Each structure stands twice: as structure tokens, then as C-alpha cells.
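Q: Residues in the sequence shown are numbered from 4 upward in steps of one, following the numbering used here.
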Amino acid sequence: MSDHYEYPYPSTELESQYPFHSYDYQRIPEHDMQRRALSFFAQMNTRRSIRMFSSEPVPQQLIELAVRTASTAPSGAHKQPWTFVATQNQRYKESDP
4 MSDHYEYPYP STELESQYPF HSYDYQRIPE HDMQRRALSF FAQMNTRRSI
54 RMFSSEPVPQ QLIELAVRTA STAPSGAHKQ PWTFVATQNQ RYKESDP
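#1: Going by alpha carbons, who is nearest to Arg94 out of Ser58, Ser78, Ser25?
#2: With distance defined between alpha-carbon atoms, name the residue in Ser78, Gln37, Gln64 nearest to Ala89.
#3: Restricting to runs no shorter than 4 residues, where is the alpha helix (DSSP H) found entirely within the segment 50-86?
#4: Would Ala73 and Phe56 qualify as a contact pair, given that the criterion is a beta-carbon distance under 8 Å?
#5: Which of the three DSSP states, helix, strand or coil, is assigned to Arg30?
#6: From what residue to what residue does the alpha helix (DSSP H) around Glu19 run?
Spelled out as C-alpha cells, the structure:
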């Protein structure tokens, strides 16, 4: 595999601004994959829709890390069509955005 994209994408200018970085893939043993998959499933299986929120403050660093993590999600055509809003205003939290 080449370390560079092939013509026509991206342009030479874009490639110099955003060079290709090879992915350092390391195969995980099957038993570790099973363990990780079960752990991930257990965590995801506890997710619920939240309609009522606690009034307890959330540390700013946790909010920033949550947004940073969420922003790593892939999107169609790499468009990132989402918006994140973090507020400490209780009335805003209770309003219908």
C-alpha cells in the first residue's frame, strides 16, 4: 500500500497540508477480542434514553472529554454534521431546544 493517496484525491496542496498517516495495526489475540467485545456489550447494554437530568454539577474536564470522544465518531463524507452544546444554565437545560 502506498503512503500517498492517488490522483485525483486529494490535491497536492491538500496532501501537503494533511499528509497521510499509516495506521499502525496490531492484531489482538482472539481471546482478548472476545473479552473486550463482551465488556463493550455489557457497557452498551446499560445505555438508556435520559429525559430527566440531575442538578449535580459535572466537572468541566469530563464534559470536554465526552465531547472530544463523541467528535471522533465517523460521519458520511467526513462532514461531521453535529453540534455539541454544554451549558450550566438550568433554565436552558429545562427548555426544549
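Even glycine gets a Cβ: it sits at the ideal position worked out from N, Cα and C.
Note that this is a predicted model, so its numbers are computed, not measured.
A: In short, the structure shows the following:
#1: Position 91 of the sequence shown holds residue 94. Per the Cα distances, Ser58.
#2: On the sequence shown, position 86 is the one that residue 89 refers to. Among Ser78, Gln37, Gln64, the Cα nearest to that of Ala89 belongs to Gln64.
#3: Fully enclosed alpha helix (DSSP H) runs of no fewer than 4 residues occupy 63-73 of the segment 50-86, in order along the chain.
#4: Taking the first residue of the sequence shown as position 1, residue 73 is located at position 70. Taking the first residue of the sequence shown as position 1, residue 56 is located at position 53. The answer is no: Cβ separation not under 8 Å.
#5: What you label residue 30 is simply residue 27 of the sequence shown in a count that begins at 1. Note: Arg30 maps to coil in three-state DSSP.
#6: Locating residue 19 in the sequence shown gives position 16, where the first residue counts as 1. According to the sequence displayed, residue 19 carries Ser and not Glu. Bounds of the alpha helix (DSSP H) holding Ser19 are 15-20.
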